[in-house]
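Chains as they are written, first to last, in our numbering: chain B, 9 to 199; chain X, 26 to 706.
Glycine included, each C-beta is placed from N, C-alpha and C at the ideal position.
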């Protein structure tokens with residue numbers, strides 16, 4: 009691994025990141041160390057190949073979507089602030105020290121749902137269509153199955169309140185209102 | 026219900042009849058050394074004295090079969106009682122099963138006492154520790170939700186070791202204080218006796234905890250905390266108990282002895298751990314060579330676990346720790362090595378034995394309460410009860426205050442209350458108290474122990490559920506999720522696994538990672554059969570389905586007959602189950618965040634556990650499988666099913682409808698798969 013630094017240089021924009029995302033200094037530090045670890049050629053930005061070397065991620069069915077979630081549309085590398093911002097989604101709201109309004113914070117339920125929505129909605133048209141959902145299911149289960157069609161149908165029927173054959177973000181939110189998104193979408197050591 | 030009652034009555038009469046043939050147990054003996062369930066050694070053998078004049082056509086030779094006959098009768102009574110309680114749906118919801126079983130035991134004991142005018146057979150400590158306890162602990166260990174357990178291991182150990190120590194010392198010392206206050210009646214109880222008593226009464230009992238918490242569906246973290254604590258505090262209890270007992274025999278106690286006692290805790294705990302590890306690994310290795318004789322593969326699981334238990338008992342180490350470690354160690358390798366059928370057999374037998382054991386323990390607790398000689402002392406009994414509650418409460422509060430500083434998921438106040446209040450005592454205390462060397466006030470100890478156990482099981486067991494509702498502890502979700510929720514939950518699981526991979530485990534998960542590497546590189550290669558190592562889970566599921574289909578044609582469960590064979594209108598619950606099954610197929614190697622443990626049902630599918638309540642039986646799982654097979658097989662034919670689309674989502678949120686009434690489709694809106702009839706808007 010490239011960067012084994014014994015003394016950590018100051019992290020660029022650390023203060024602003026802390027303010028923005030609600031991470032503590034030690035968290036930012038740890039994330040930076042991890043970022044450095046992943047960034048094998050020391051460019052200060054991660055590329056797709058850097059993610060692909062992770063063995064655990066390689067067997068993940070939705071690996072491409074997860075990796076894609078880090079990259080802003082149009083860019084092909086992830087810098088540290090973007091990395092941190094994505095991670096901020098997985099904090100637990102209960103420990104939010106950020107004083108910004110609850111809607112905007114990265115770890116608010118709304119933002120988490122937004123993140124999830126974008127995992128489905130790859131073409132960014134603000135709707136999850138049948139095809140997109142079917143694709144997700146196929147990726148997750150790794151195989152074709154007639155049942156999948158039916159499952160997708162039923163899922164869309166349940167959620168699609170305005171009957172337009174696709175799920176918008178509001179319908180998506182409504183669908184998951186019973187799920188404690190905050191609890192489910194959190195990573196223990198980021199709290 | 027009536028035939029059950031009838032058979033229960035018949036059995037009780039049979040047992041009373043059998044016990045009248047045997048000489049009555051002498052209750053004042055200090056240690057009931059004979060096996061409790063039958064008087065084989067001491068009964069008078071009836072010799073065939075009469076030389077028959079003619080050939081006897083019919084004769085009854087009871088003594089020949091006495092011991093096994095009585096054992097079987099007891100087990101039968103236990104099982105019928107269990108059946109009876111679950112027959113009526115409402116009773117187990119209010120009164121925990123353990124209470125009902127104790128009441129049955131009290132009844133039977135009373136009947137036997139009334140007929141024989143002497144005490145009924147008691148639960149001997151040997152029978153309990155050697156035969157009744159291991160299956161329960163093995164079952165608990167085998168189905169332990171591994172990830173959750175290890176994530177919370179620090180907290181669990183904290184509660185188990187320090188908490189138990191706190192309780193023991195607290196209760197022992199305060200009881201001694203109480204004895205000093207009443208010198209007239211309690212004066213001859215020394216400090217060491219009080220400490221000894223404290224050590225056996227302070228320990229939370231896994232059997233009782235399991236049986237009550239099972240029906241409560243609290244969140245998994247709370248469940249694993251209390252349950253893990255009850256398992257691990259065995260090490261401390263064993264050591265302290267033996268320590269105080271040997272102190273009682275020594276002429277004097279020095280500081281060195283106390284220090285040695287402390288060392289002994291470590292030896293006992295780690296000794297049990299290593300014994301368990303050793304046997305677990307050997308069992309895993311053995312299972313690698315079983316493919317030629319698959320039918321005895323399950324046997325090895327039981328044999329090695331029991332051997333680990335017996336070995337550690339022989340060495341005076343913590344048997345419970347050993348057997349739990351053994352089960353946890355061998356589970357993943359054995360599951361990979363043996364066939365699906367063997368896996369099912371193992372799980373089924375574990376559940377069966379632990380169920381029977383638990384039932385027997387509670388019934389015998391009830392029976393043994395009916396004793397000839399009880400020594401009663403208001404001061405002692407009441408103060409013990411109070412002190413148990415007080416010390417446990419304060420202990421939990423203090424310990425949690427400290428541990429919350431280092432934990433991510435803080436243990437809330439409500440959780441603390443449940444932990445404190447859910448510290449039930451059970452049969453372990455009961456057996457330990459019988460093992461004390463005899464001294465004048467031993468009877469008092471026995472009576473007090475019985476009262477404490479009955480109090481905790483009945484009062485605390487029955488009121489904990491309303492209190493939980495009152496305090497609104499974070500419960501597991503009971504409502505059936507919709508299909509979308511299922512899909513999204515799966516996605517989140519995958520997502521989180523991926524993000525965790527990206528973030529990496531720094532700090533606390535370092536050892537876990539190291540272990541996983543070690544595991545994959547060495548252990549798995551060594552302990553798992555060659556061709557099993559890389560099988561994808563999907564292939565396994567397909568093969569499993571194939572096998573089950575072959576089996577399903579032979580099996581005819583009653584439920585399967587009532588499920589409508591025409592697959593054109595499948596029922597909603599089975600559909601949901603099959604959907605869930607399909608969706609979770611690929612999650613076998615992603616550690617599911619749902620608990621795997623359930624006392625009464627097999628965990629066929631981890632996500633299904635959330636939706637199984639006590640009343641539902643395994644047959645429903647088999648239903649779902651059967652139906653799913655049906656659905657999969659007839660998938661090609663069913664691609665043009667007609668659908669009755671219900672416009673509202675609300676119908677999907679309805680709770681699991683009763684299977685028996687399901688065939689009546691009339692007024693209910695039901696949904697089935699639809700491809701053809703899309704909404705053309």
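Closer than 7 Å at the beta carbon, the chain B residues around residue i
{"i": "residue 525 (chain X)", "result": "195"}
{"i": "residue 127 (chain X)", "result": "Residues of chain B passing the Cβ test: none, with the nearest at roughly 37 Å."}
Contacts that residue i makes with chain X (C-beta to C-beta distance below 7 Å)
{"i": "residue 98 (chain B)", "result": "524"}
{"i": "residue 181 (chain B)", "result": "The premise fails here: residue 181 (chain B) is roughly 11 Å from chain X at the closest Cβ pair, so nothing lies under 7 Å."}
Neighbour-count burial assignment, residue i, 16 or more Cβ in a 10 Å radius
{"i": "residue 193 (chain B)", "result": "buried"}
{"i": "residue 99 (chain X)", "result": "buried"}
{"i": "residue 682 (chain X)", "result": "Only weak support is given to the placement of residue 682 (chain X): the predicted model assigns it a pLDDT of 38, under 50, and the value that follows is read from those uncertain coordinates. By the neighbour-count rule (16 or more Cβ atoms within 10 Å), residue 682 (chain X) is not buried but exposed."}
{"i": "residue 23 (chain B)", "result": "exposed"}
{"i": "residue 513 (chain X)", "result": "buried"}
{"i": "residue 276 (chain X)", "result": "exposed"}
{"i": "residue 168 (chain X)", "result": "buried"}
{"i": "residue 141 (chain B)", "result": "buried"}
{"i": "residue 120 (chain B)", "result": "buried"}
Element boundaries [alpha helix (DSSP H), containing residue i]
{"i": "residue 332 (chain X)", "result": "322 to 339"}
{"i": "residue 167 (chain X)", "result": "158 to 167"}
{"i": "residue 66 (chain B)", "result": "63 to 66"}
{"i": "residue 368 (chain X)", "result": "365 to 394"}
{"i": "residue 267 (chain X)", "result": "245 to 274"}
{"i": "residue 218 (chain X)", "result": "216 to 226"}
{"i": "residue 118 (chain B)", "result": "117 to 128"}
{"i": "residue 172 (chain X)", "result": "171 to 176"}
{"i": "residue 401 (chain X)", "result": "No alpha helix (DSSP H) holds residue 401 (chain X); DSSP gives it neither H nor E."}
{"i": "residue 142 (chain X)", "result": "Unbroken run through residue 142 (chain X): none, as it is neither H nor E."}
{"i": "residue 106 (chain X)", "result": "87 to 112"}
{"i": "residue 355 (chain X)", "result": "344 to 362"}
{"i": "residue 188 (chain B)", "result": "Residue 188 (chain B) -> no alpha helix (DSSP H), and no H or E assigned at all."}
{"i": "residue 464 (chain X)", "result": "Neither: residue 464 (chain X) is in no alpha helix (DSSP H) and is coded neither H nor E."}
{"i": "residue 206 (chain B)", "result": "Here chain B comprises residues numbered 9 to 199, so residue 206 (chain B) is not present and cannot be evaluated."}
{"i": "residue 2 (chain X)", "result": "The question about residue 2 (chain X) has no answer, for chain X in this structure spans 26 to 706."}
Coil, strand or helix - residue i by DSSP
{"i": "residue 86 (chain B)", "result": "strand"}
{"i": "residue 54 (chain B)", "result": "strand"}
{"i": "residue 135 (chain B)", "result": "strand"}
{"i": "residue 176 (chain B)", "result": "strand"}
{"i": "residue 486 (chain X)", "result": "helix"}
{"i": "residue 454 (chain X)", "result": "helix"}
{"i": "residue 39 (chain B)", "result": "helix"}
{"i": "residue 547 (chain X)", "result": "helix"}
{"i": "residue 238 (chain X)", "result": "helix"}
{"i": "residue 491 (chain X)", "result": "helix"}
{"i": "residue 540 (chain X)", "result": "helix"}
Beta-carbon proximity of residue i to residue j, cut-off 8 Å
{"i": "residue 410 (chain X)", "j": "residue 480 (chain X)", "result": "yes"}
{"i": "residue 451 (chain X)", "j": "residue 233 (chain X)", "result": "yes"}
{"i": "residue 416 (chain X)", "j": "residue 195 (chain X)", "result": "yes"}
{"i": "residue 725 (chain X)", "j": "residue 441 (chain X)", "result": "As displayed, chain X neither begins before 26 nor continues past 706, which places residue 725 (chain X) out of reach and without an answer."}
{"i": "residue 238 (chain X)", "j": "residue 447 (chain X)", "result": "yes"}
{"i": "residue 162 (chain X)", "j": "residue 345 (chain X)", "result": "yes"}
{"i": "residue 54 (chain B)", "j": "residue 34 (chain B)", "result": "no"}
{"i": "residue 134 (chain X)", "j": "residue 394 (chain X)", "result": "yes"}
{"i": "residue 465 (chain X)", "j": "residue 230 (chain X)", "result": "no"}
{"i": "residue 262 (chain X)", "j": "residue 298 (chain X)", "result": "no"}
{"i": "residue 123 (chain B)", "j": "residue 97 (chain B)", "result": "yes"}
{"i": "residue 36 (chain B)", "j": "residue 46 (chain B)", "result": "no"}
{"i": "residue 215 (chain X)", "j": "residue 404 (chain X)", "result": "no"}
Contacts of residue i in chain B (Cβ-Cβ under 8 Å)
{"i": "residue 515 (chain X)", "result": "148"}
{"i": "residue 510 (chain X)", "result": "183, 184, 186 and 187"}
Distance cut-off 7 Å: residue i Cβ against heavy atoms of the ligand MG
{"i": "residue 102 (chain X)", "result": "Among the ligands in the structure shown, none appear at all, so the ligand MG cannot be discussed."}
Contacts of residue i in chain X (Cβ-Cβ under 8 Å)
{"i": "residue 144 (chain B)", "result": "512 and 516"}
{"i": "residue 59 (chain B)", "result": "527"}
Cross-chain neighbours of residue i in chain X, by beta carbon under 9 Å
{"i": "residue 26 (chain B)", "result": "None at all; the shortest Cβ gap to chain X is about 17 Å."}
{"i": "residue 177 (chain B)", "result": "Those do not exist, as residue 177 (chain B) stays about 13 Å from chain X at its closest Cβ, beyond 9 Å."}
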